[in-house]
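Structure first, then comments.
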C-alpha cells in the first residue's frame with residue numbers, strides 16, 4: 002500500500018462519523034460523475050434513445066473520463082479510510098442480534114473488501130499516464146468503484162451504530178397495553194395517521210403515527226405490521242424529533258432486485274413517445290398511415306411501445322408492493338397486477354383495431370383542406386379597407 006493510501010502511523014484513528022462522512026463524500030462525487038456521463042452519452046443518441054455510432058469517439062471519451070474521475074474520487078475520499086471503515090462495520094455487525102439480513106450484509110462487506118484490494122493494487126502499480134494501458138486499467142476498476150458507490154451505505158450505517166440502536170422500551174407492560182388499546186381504537190375510527198416506517202437492526206419494523214384524540218395529536222411508535230392484528234405501541238412522544246432520538250435508528254432499506262446498480266444501467270431501449278405517435282396520426286393521409294401509430298404503441302420486444310411499457314411498469318410496481326411483505330402491500334400488489342392484466346387486454350384490443358384500420362382502403366376526403374399558416378400580404382400601395390361604421394348607442398340599446 003502506498004503512503005498516500007494509509008494513515009500515518011502516529012495519526013489518531015478516524016472516528017466513525019469521519020469515516021462515514023468520507024464515504025458519503027465519495028458517493029456524492031460519484032453521483033455528479035454519473036450525471037455528467039449521462040449528459041455526454043445523451044449527445045450520442047437520437048431523439049428516440051437509439052445510440053448512434055456506439056463506438057464513436059465521443060462515447061469512448063465520455064467513459065474514459067468517467068473511469069478516471071471515479072478513481073480520483075476514490076483516491077481522494079476513500080482510499081486512506083476504506084479499511085478502517087470496513088473494520089468498524091464488521092465490529093458493529095458482530096454485536097447485532099441475529100436477523101435475516103445479517104448474512105447478506107456480511108457478504109456485502111466481503112465484496113467491498115475485495116474491491117478495495119483490487120483498487121489498492123492498481124493504485125500501487127499505476128499505468129503510464131495517458132496511455133491505452135491506463136485507460137484499460139481504469140475501465141477494469143469501474144465495477145469495483147461502483148460497488149463502493151452502490152453499497153457503501155451499508156458499511157457506513159454499520160460503522161455509525163450507536164447504543165440507541167438497542168432500544169429499551171420506555172413503557173411498562175401496563176402502559177404499553179393502555180397505549181396500544183388507544184391506538185387501535187383510533188385506527189378503527191380513522192384517527193391513526195401513519196407517517197414514517199423503517200426497520201431496526203434486529204429486522205423488526207417500526208412505524209411512526211399520529212394518534213389523534215379530541216383535536217390533540219401524539220406521536221406514537223408502533224412495533225409490527227399496522228395492517229394486521231398483533232402490533233403494539235412501544236413509545237409515545239411529543240414530536241418526531243424526540244421519537245427519533247429514543248427509538249432504534251433505521252438501517253439501510255433493501256432493494257427490489259439485487260443485481261441493480263445506479264451506475265451500471267443498461268443502455269436505454271429506443272422508444273417512441275405518445276406525442277410522436279399522436280402527431281403521426283394527425284399528419285397521416287391514409288388509413289394505413291394512421292394505423293402505424295397505434296401499432297407502434299402496442300409493439301412488443303426490445304423497442305416496446307408505450308402501452309407495453311405501461312403494463313411492465315404496473316407489473317414491476319406490483320412486485321415492489323409484494324416485496325414490502327405487509328398486508329397492505331400484498332393488497333396493493335393484487336390491484337396493480339389486475340390493472341396490468343387489463344392493460345394487456347386493452348393492448349390486444351388496440352392491436353386488433355389498428356390492424357383493421359390499416360386494412361381499410363381509404364384516404365381522407367379532399368374537402369378536408371389545410372389552412373395556410375401565412376396569408377398573402379397586401380401590396381404596399383394598397384389602401385386598407387375602411388372599418389365598418391360603428392352602431393349608435395341607441396341601436397345598441399334597443
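Numbering (our numbering), first residue to last: 2 to 399. Even glycine gets a Cβ: it sits at the ideal position worked out from N, Cα and C. This one's a predicted model, so the numbers in the text were calculated from it and none came from an experiment.
Cβ contact annotation for residue 64 (same chain, cutoff 6 Å, sequence separation greater than five): none.
In the structure shown, residue 222 falls within a strand segment according to DSSP collapsed to helix, strand and coil. Proximity to residue 141 across 210, 69, 214 and 192 peaks at 69, based on C-alpha coordinates. Residue 139 holds the alpha-carbon nearest to the alpha-carbon of residue 71 among 139, 110 and 60.
Taking the Cα of residue 90 as reference, the smallest distance to any Cα among 153, 147 and 119 is reached at 153. The Cβ atoms of residue 17 and residue 161 lie closer than 7 Å to each other.
Under the 10 Å beta carbon count, residue 319 is surrounded by 16 or more other beta carbons and is classified as buried. Shortest Cα-Cα distance from residue 225 to any of 94, 252 and 181 involves 181. Counted as a single uninterrupted DSSP element, the stretch harbouring residue 206 is not any alpha helix (DSSP H) but the beta strand (DSSP E) occupying residues 206 to 214. Inter-segment contact for the region 182 to 194 and the region 113 to 122 is absent: fewer than three beta-carbon pairs are separated by less than 8 Å. In the assembly as shown, residue 21 is a buried residue. Its beta-carbon has 16 or more other beta-carbons within 10 Å.
For residue 348, same chain residues with a beta-carbon under 7 Å away, outside a window of 5 residues either side, are 299, 308, 309 and 312 in chain order.
Three or more Cβ pairs closer than 8 Å define a contact, and the region 359 to 369 meets that threshold against the region 277 to 293. Here residue 60 is near residue 45, since their CB atoms are less than 7 Å apart. The shortest CA-to-CA distance from residue 77 to any of 278, 112 and 26 is the one to 26. Scanning 283, 270, 237 and 35 for the CA closest to the CA of residue 371 turns up 283.
The beta-bridge partner set that DSSP reports for residue 78 is empty. Shortest Cα-Cα distance from residue 294 to any of 301, 275 and 302 involves 275.
With a cutoff of 7 Å on beta-carbon distance, residue 208 and residue 237 are scored as not near each other. Residue 242: member of the alpha helix (DSSP H) spanning 241 to 247, first to last residue. Per the coordinates, the alpha-carbon of residue 135 lies some 10 Å from the alpha-carbon of residue 123. A straight line joining the alpha-carbon of residue 251 with that of residue 197 spans about 11 Å.
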